[in-house]
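First comes the structure, then the notes that go with it.
2 protein chains.
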Amino acid sequence: MLEFGGEALVLTHDMLVEGVHFLPGQDPADIAWKLVATNMSDLAAKGAEPLAVLLGYSLGQNDARFVAGLKEALDAHEVVLLGGDTVRSPGPQTLGLTAIGRATHRPVPSRGGAKVGDALWITGPVGAAMLGLEAFKAGTGDSLAYRRPKALLGEGMVLAPHVSAMMDVSDGLLLDAARMARASCVTFAIDSPAVPLACPEDRCGEALRWGDDYQLLFTAPPQCVPPISAFRIGEARVANDSPIQLDGARLSEADGLGYQH
Amino acid sequence: MLEFGGEALVLTHDMLVEGVHFLPGQDPADIAWKLVATNMSDLAAKGAEPLAVLLGYSLGQNDARFVAGLKEALDAHEVVLLGGDTVRSPGPQTLGLTAIGRATHRPVPSRGGAKVGDALWITGPVGAAMLGLEAFKAGTGDSLAYRRPKALLGEGMVLAPHVSAMMDVSDGLLLDAARMARASCVTFAIDSPAVPLACPEDRCGEALRWGDDYQLLFTAPPQCVPPISAFRIGEARVANDSPIQLDGARLSEADGLGYQH
Numbered sequence: 011m012l013e014f015g016g017e018a019l020v021l022t023h024d025m026l027v028e029g030v031h032f033l034p035g036q037d038p039a040d041i042a043w044k045l046v047a048t049n050m051s052d053l054a055a056k057g058a059e060p061l062a063v064l065l066g067y068s069l070g071q072n073d074a075r076f077v078a079g080l081k082e083a084l085d086a087h088e089v090v091l092l093g094g095d096t097v098r099s100p101g102p103q104t105l106g107l108t109a110i111g112r113a114t115h116r117p118v119p120s121r122g123g124a125k126v127g128d129a130l131w132i133t134g135p136v137g138a139a140m141l142g143l144e145a146f147k148a149g150t151g152d153s154l155a156y157r158r159p160k161a162l163l164g165e166g167m168v169l170a171p172h173v174s175a176m177m178d179v180s181d182g183l184l185l186d187a188a189r190m191a192r193a194s195c196v197t198f199a200i201d202s203p204a205v206p207l208a209c210p211e212d213r214c215g216e217a218l219r220w221g222d223d224y225q226l227l228f229t230a231p232p233q234c235v236p237p238i239s240a241f242r243i244g245e246a247r248v249a250n251d252s253p254i255q256l257d258g259a260r261l262s263e264a265d266g267l268g269y270q271h
Numbered sequence: 011m012l013e014f015g016g017e018a019l020v021l022t023h024d025m026l027v028e029g030v031h032f033l034p035g036q037d038p039a040d041i042a043w044k045l046v047a048t049n050m051s052d053l054a055a056k057g058a059e060p061l062a063v064l065l066g067y068s069l070g071q072n073d074a075r076f077v078a079g080l081k082e083a084l085d086a087h088e089v090v091l092l093g094g095d096t097v098r099s100p101g102p103q104t105l106g107l108t109a110i111g112r113a114t115h116r117p118v119p120s121r122g123g124a125k126v127g128d129a130l131w132i133t134g135p136v137g138a139a140m141l142g143l144e145a146f147k148a149g150t151g152d153s154l155a156y157r158r159p160k161a162l163l164g165e166g167m168v169l170a171p172h173v174s175a176m177m178d179v180s181d182g183l184l185l186d187a188a189r190m191a192r193a194s195c196v197t198f199a200i201d202s203p204a205v206p207l208a209c210p211e212d213r214c215g216e217a218l219r220w221g222d223d224y225q226l227l228f229t230a231p232p233q234c235v236p237p238i239s240a241f242r243i244g245e246a247r248v249a250n251d252s253p254i255q256l257d258g259a260r261l262s263e264a265d266g267l268g269y270q271h
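Residue numbers (our numbering), protein chains in the order written: chain A, 11 to 271; chain B, 11 to 271.
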């Protein structure tokens, strides 16, 4: 965050590496989309309105296809490409995107603001990206949720004035909730049946640990009714050794809460 | 450039790839320095005051040494690290830096503003980085000019109100001058004996084509005396087929004017 001209600028930078964050054979248009969406999701979590992006691009197998996907993603998120740098690399393709946004509410939501007694909410179901990846690998069904996640920019801006803490779920609900708990010095008691699922119920445990859904996770005072559809999944309690208490069971990062990288 | 809060933000993003922009065995502290300096030099050419940087970093052999060099470079250019992303990559190390600055003068100088009759100036000698690289490879003498170039931020801000066009010389004086000529629709007549050299005179031809010196190249109306020390090396003439006329000889990009990448 950067104070400038009486406003707060929110800046994010995310990287994607071939073979690490995406598969060598994947459609470059989908990769471009994901690069934009992950950065836009970071802005969404801050309640920021996107202004522009800068691209760091190492040339790949099909640059025209990447550019086409980039254009689609920028249009879908209503943001413009301002510039950047292009390089030739002998190694795996490495992409970086910087996104610049304007904070629409002060203070800018952070992951460190949850208070004991606050309710914990999520904007929508988890598990969709997991099913999407499976469909993608199998070449069956709808893989859009995995290939083309959409950042919840509008939701983030609407929520910002109401939340005590907010972040996007990119590495798994439990892991990201644990990070919010640590940053806020609380423990989250989470009620798994209350978490909305996009997958069969018997895969709940996986869905709670799967990333890439880009829902917004937020806390608000207990009496607050969020101005948009959201699901109350737990509450903030006095911190104990574990950041998460799932259906009464204490969990910490060592228990494998999500995608560690 | 981005209009924001009544001001103009200048944003740049440059990448460095191991094996392409730096050698695998090079001191990570020097690489960090160069990454910062190249981006700061882009801001200098816009007369911008640096506000902050974001780093995209793929882990390397000696990350602590990189961080130490980064800190030195940020301190030397009086700018702060705001955030970024760190990734593991199986390939060559790939680094990206985004720099954000505030334009100190409007209109923000560009490479497209040179007018016929304007004088062409450079802030200092070329050839120092060339000698520095040779000293570095030979393990003799002073390689600082190559390893630790300093962006001319103060000079850029002082010059901005006086110039009709400005850019930094990163890929070679002749090549960058050709780019300015193309963008401004003029031809630059350059007088090579007037170009200050940091190397022996018999290497003038090389020094005019060597990058990495990060001097500022600018044009100004013929009667203008720049407020800082600078060297008048030519003038803008009505455009012909060649962007550069060096000591009367017409040259274009095909003649090998600098470092093409």
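Note that the Cβ used here is the ideal one computed from N, Cα and C, for glycine as well.
Taken in chain order, the complete beta strand (DSSP E) segments of 3 residues or longer contained in the stretch 179-228 of chain A are 196-200. Taking CB atoms only, B:M167 has no neighbour in chain A less than 8 Å away. By a beta-carbon distance limit of 8 Å, A:D178 contacts A:L226. Their separation comes to about 6 Å. One thing to note: A:Q103 has its Cβ no nearer than 8 Å to the Cβ of A:E211. If you look at A:A138, you'll find it in the alpha helix (DSSP H) that goes A138 to A148.
The beta carbon of B:S51 sits closer than 6 Å to those of A161, D178 and Y224, all from its chain and outside the five residues before and after it, given in chain order. By DSSP's assignment, A:M25 forms a beta bridge with A:G106. Check the Cα spacing between A:D201 and each of A:S194, A:A170 and A:A129: the tightest is with A:A129.
Taking all protein chains in view, the Cβ of A:N72 is surrounded by fewer than 16 other Cβ atoms within 10 Å, so the residue is classified as exposed.
By the C-beta density criterion, A:T229 is buried, having at least 16 other C-beta atoms within 10 angstroms.
Distance between A:A193 and A:A124, taken at the CA atoms: about 9 Å.
For A:F76, the uninterrupted alpha helix (DSSP H) segment begins and ends at D73 to A86. Our two residues, B:E165 and B:H115, have alpha carbons roughly 13 Å apart in a direct line. Contact between B:L143 and B:L45 is absent: CB atoms are separated by about 17 Å, not below the 8 Å threshold. Around the beta-carbon of A:S68, 16 or more other beta-carbon atoms lie within 10 Å, marking it buried.
Counting along the chain, no alpha helix (DSSP H) covers B:G244; the unbroken beta strand (DSSP E) around it starts and ends at F241 to V248.
In the structure shown, the three-state DSSP call for B:V235 is coil. The way I'd put it, the stretch 12-32 of chain A does touch the stretch 79-94 of chain B; three or more beta-carbon pairs between them come closer than 8 Å. About 15 Å separates the CB atoms of B:L163 and B:P237; that is not less than 8 Å, and the two are not in contact. Taking A:G101 as the centre and dropping the five residues before and after it, the same chain places no C-beta closer than 7 Å to its C-beta. Bounds of the beta strand (DSSP E) holding B:V90 are V90 to V97. In terms of CA proximity to A:A55, A:R121 leads the group A:L261, A:M140 and A:R121. Residue pairing by DSSP puts B:P60 in a beta bridge opposite B:G111. A:T114 is outside the set of residues whose beta carbon lies under 8 Å from a beta carbon in chain B. For A:F241, the closest Cβ of chain B is not nearer than 8 Å. Near chain B, meaning a CB-to-CB distance below 8 Å, the residues of the stretch 110-141 of chain A are I110 and R112. The straight-line gap separating the alpha-carbon atoms of B:C195 and B:E245 is approximately 13 Å.
Boundaries of the beta strand (DSSP E) harbouring B:A129: A129 to I132, taken from the DSSP string. By the Cβ-count criterion, A:D85 is exposed, with fewer than 16 other Cβ atoms from all chains shown falling within 10 Å of its own Cβ. Among the CB atoms of chain B, none fall inside 8 Å of the CB of A:A175.
The C-beta separation of B:F241 from B:A204 comes to about 7 Å, placing the pair in contact by the 8 Å criterion.
Beta-bridge pairing by DSSP links B:Y67 to B:T96 and B:L105. Against B:L84, chain A offers no close residue; the least beta-carbon distance is about 15 Å (beta-carbon pairs closer than 8 Å). Among the residues of chain B, none has a CB under 7 Å from the CB of A:A193; the nearest is roughly 15 Å distant.
By the CB criterion at 8 Å, B:T197 and B:A249 fall inside the cutoff.
Assignment of B:A230 by DSSP, reduced to helix, strand and coil, places it in the strand class.
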